[in-house]
Amino acid sequence: DAGVTQSPTHLIKTRGQQVTLRCSPKSGHDTVSWYQQALGQGPQFIFQYYEEEERQRGNFPDRFSGHQFPNYSSELNVNALLLGDSALYLCASSFSPGQVVSEYFGPGTRLTVT
Amino acid sequence: AQSVTQLGSHVSVSEGALVLLRCNYSSSVPPYLFWYVQYPNQGLQLLLKYTSAATLVKGINGFEAEFKKSETSFHLTKPSAHMSDAAEYFCAVSEGSYKLIFGSGTRLLVRP
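Line order of the protein sequences matches chains A and L. Using the working numbering, you'd call the opening residue of the first sequence number 1060 and step up by one each time. Using the working numbering, you'd call the opening residue of the second sequence number 531 and step up by one each time.
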């Protein structure tokens, strides 16, 4: 059983560009969350998708957007990249409607903005 | 608002010694609490979680944590450190709102 998978593993972009990161949830999971982990810090919640809709959002600007597909996979899009967007982007999946968050994390995509 | 404080960004222990990683939380309602481990260049792996059942929670790899409401703490312990325990450890809290609030992490170093 494959766990959470993410692509690509690494990515280098230039300021002002746009980027799309992809995530496939663990089998049986229908909820996908995205987190940003800056170097030396803990992950910060970006948003969560369930039933193809954004269910909850953290304190991130509108430059960060997402999408969930009918097969539960998800994309994270970041527009107008800033140097400060350089981070490890983690995708996590879980099964809703459980109240207790128990998320499985993918290996992450390392984004470098130059 | 929920928050998590992890005391000590780096903890160094000798192999075979007790591991103690500290976590204090702030929550307006009974929280769910978690410990995750992150090895270099990898994602997060769940070690254990507290969900209002037993206050002493046992996890994988010999780790355990005790929920102490009076101290608002959820410290992670392991009786005997192994070299393979060297990693970054994150404490996280959730009030059932489907998102995790993480601490800033503690890097565990294990000396031979």
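Note that CB positions come from ideal geometry on N, CA and C, so glycine has one too.
- Taken through DSSP and simplified to helix, strand or coil, L577(L) comes out as strand.
- Within the DSSP secondary-structure output, A595(L) pairs in a beta bridge with V587(L) and L606(L).
- Look at the segment 1080-1093 of chain A: the residues with a C-beta under 9 Å from a C-beta of chain L are T1090 and S1092.
- For the C-beta of Y619(L), not a single chain A residue is nearer than 8 Å; the gap to the nearest is close to 10 Å.
- Any Cβ of chain A closer than 8 Å to the Cβ of G538(L) would place that residue at the interface, and such an atom is absent.
- In the DSSP assignment, S1092(A) falls within the beta strand (DSSP E) that extends over T1090 to Q1096.
- Using a C-beta cut-off of 8 Å, the segment 1119-1136 of chain A makes no contact with the segment 533-546 of chain L, since fewer than three inter-stretch Cβ pairs fall below that distance.
- The beta carbons of L1098(A) and L574(L) sit no closer together than 8 Å.
- Going by beta carbons, A617(L) and L630(L) fall outside the 8 Å limit.
- Contact between the segment 552-572 of chain L and the segment 603-615 of chain L is present: three or more C-beta pairs spanning the two stretches fall below 8 Å.
- Note on A583(L): under 16 other CB atoms within 10 angstroms of its CB, so exposed under the neighbour-count rule.
- For T535(L), the enclosing beta strand (DSSP E) stretches over residues S533 to L537.
- Assignment of S614(L) by DSSP, reduced to helix, strand and coil, places it in the helix class.
- Residue contact check for G1167(A) against chain L: a CB pair falls below 8 Å.
- For the pair of segments examined, the segment 1106-1122 of chain A was found to touch the segment 1084-1094 of chain A: the number of CB pairs separated by less than 8 Å reaches three.
- Taking 8 Å as the cut-off, the Cβ atoms of W565(L) and A611(L) do not count as close.
- The beta carbon of Y555(L) does not come within 8 Å of any beta carbon belonging to chain A, so the residue lies off that interface.
- For a Cβ distance threshold of 7 Å, nothing in chain A lies close to G546(L): the least Cβ distance comes to about 29 Å.
- Judged by their CB atoms, F632(L) and Q568(L) are not nearer to each other than the 8 Å cut-off.
- Look at the segment 554-578 of chain L: the residues with a C-beta under 9 Å from a C-beta of chain A are Y562, F564, Y566, Q568, N571, Q572, G573, L574, Q575 and L576.
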